[in-house]
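Here is the structure we will look at, set down as structure tokens.
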């Protein structure tokens with residue numbers, strides 16, 4: 009049981025480039041959530057996905073950000089044309105059940121730095 | 488906003504002492520969860536308390552929930568240096584609803 013796997017751990021991008029963040033949920037978990045954390049802040053919800061479906065994207069910026077969770081493979085958070093304000097830690101969490109009986113399991117995060 | 492707010496923002500204690508952190512929120516909830524985050528790492532789920540529960544224990548952790556005051560507290564007894572971390576409360580309206588996090592309490596336990 010490898011837990012929630014995120015990669016890369018650290019990602020440096022120049023302004024205008026694309027960033028792709030990957031998340032493999034825990035085995036048996038079908039609910040994936042992406043959160044963003046700015047320095048000294050709590051986590052802010054971005055998007056909730058199940059396999060091949062976006063359930064809630066109310067926290068996603070309207071432009072440049074997209075997320076997917078394909079039938080096969082990890083969930084991907086994609087940020088196009090990155091700007092300095094996108095620099096943050098991005099965390100993925102997965103849960104087993106609709107009812108959140110046991111809380112979420114978080115990955116170690118991807119720290120994105122835009123230079 | 489449903490956002491939880493923890494206080495204090497920072498807490499420094501000696502090993503062996505108890506640490507109490509508080510969380511307030513604004514809207515009705517289905518459950519409240521506490522997470523720990525070590526510096527530069529992901530969050531670790533500590534405990535979940537449902538809106539119909541008043542108190543829950545897990546090892547050295549004790550969580551209380553007062554829905555009338557929309558507040559919760561996390562007590563860590565007999566603290567250890569390894570408890571040094573940031574602690575976040577997060578509320579949920581249940582089901583598939585997202586978690587809403589506070590800004591956290593930074594706990595330092597001095598050996």
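Chains as they are written, first to last, in the working numbering: chain A, 9 to 123; chain B, 488 to 598. All C-beta atoms in this analysis are idealised placements derived from N, C-alpha and C, irrespective of residue type, glycine included.
Open item on the list: With the cut-off set at 8 Å, would you say residue 58/A and residue 39/A are in Cβ contact?
Closed with: Within the first chain, residue 58/A is the residue found at index 50, counting from 1. Within the first chain, residue 39/A is the residue found at index 31, counting from 1. Yes; because the gap between Cβ atoms is below 8 Å, this pair is in contact.
- [ ] Compare the C-beta of residue 489/B against all C-beta atoms of chain A and say whether one is closer than 8 Å.
- [x] To locate residue 489/B, count along the second chain from 1; it is residue 2. Below a pLDDT of 50, predicted positions are generally treated as unreliable, and residue 489/B, at 46, falls in that range; the measurement from the model is reported next regardless. Answer no: the Cβ-Cβ gap between residue 489/B and chain A never drops below 8 Å.
- [ ] Identify the contact partners of residue 590/B in chain A, using a Cβ-Cβ distance below 7 Å as the criterion.
- [x] In the second chain, the residue the question calls residue 590/B occupies position 103. Within chain A, 49 and 50 have C-beta atoms less than 7 Å from the C-beta of residue 590/B, given in sequence order.
Open item on the list: For residue 523/B and residue 66/A, what's the separation of their Cα atoms in angstroms?
Closed with: What you label residue 523/B is simply residue 36 of the second chain in a count that begins at 1. What you label residue 66/A is simply residue 58 of the first chain in a count that begins at 1. One C-alpha to the other measures close to 25 Å.
Open item on the list: Counting C-beta neighbours from all protein chains within 10 Å, is the total for residue 51/A 16 or more, i.e. buried, or is it exposed?
Closed with: Within the first chain, the letter at position 43 stands for residue 51/A. It counts as buried.
TODO: With distances taken Cα to Cα, identify the nearest neighbour of residue 111/A among 521/B, 571/B and 505/B.
DONE: To locate residue 111/A, count along the first chain from 1; it is residue 103. Nearest of 521/B, 571/B and 505/B to residue 111/A, Cα basis: 521/B.
- [ ] Evaluate the contact criterion for the stretch 494-501 of chain B versus the stretch 586-593 of chain B: three or more CB pairs, one atom per stretch, below 8 Å.
- [x] As far as the Cβ criterion goes, the stretch 494-501 of chain B touches the stretch 586-593 of chain B, which means the pair count is three or higher.
TODO: Please decide whether residue 32/A counts as near chain B, where near means a Cβ-Cβ distance under 8 Å.
DONE: Position 24 of the first chain holds residue 32/A. False, the Cβ-Cβ gap to chain B never drops below 8 Å.
TODO: Compare the C-alpha of residue 12/A against each of 64/A, 123/A and 104/A and name the closest.
DONE: Here the question's residue 12/A lines up with position 4 in the first chain. Ranking 64/A, 123/A and 104/A by Cα distance to residue 12/A puts 104/A first.
TODO: Verify the CB distance criterion: does residue 114/A have a CB-CB separation below 8 Å to chain B?
DONE: Numbered from 1 along the first chain, position 106 holds the residue referred to as residue 114/A. For residue 114/A, the closest Cβ of chain B is nearer than 8 Å.
TODO: Go ahead and label residue 75/A buried or exposed: buried means 16 or more other beta carbons lie within 10 angstroms of its beta carbon, across all protein chains shown.
DONE: If you number the first chain from 1, residue 75/A lands on position 67. Flag for residue 75/A reads buried.
- [ ] Output the distance between the C-alpha atoms of residue 572/B and residue 528/B, rounded to the nearest integer angstrom.
- [x] The residue labelled residue 572/B in the question sits at position 85 within the second chain. The residue labelled residue 528/B in the question sits at position 41 within the second chain. For residue 572/B and residue 528/B, the distance between alpha carbons rounds to 10 Å.
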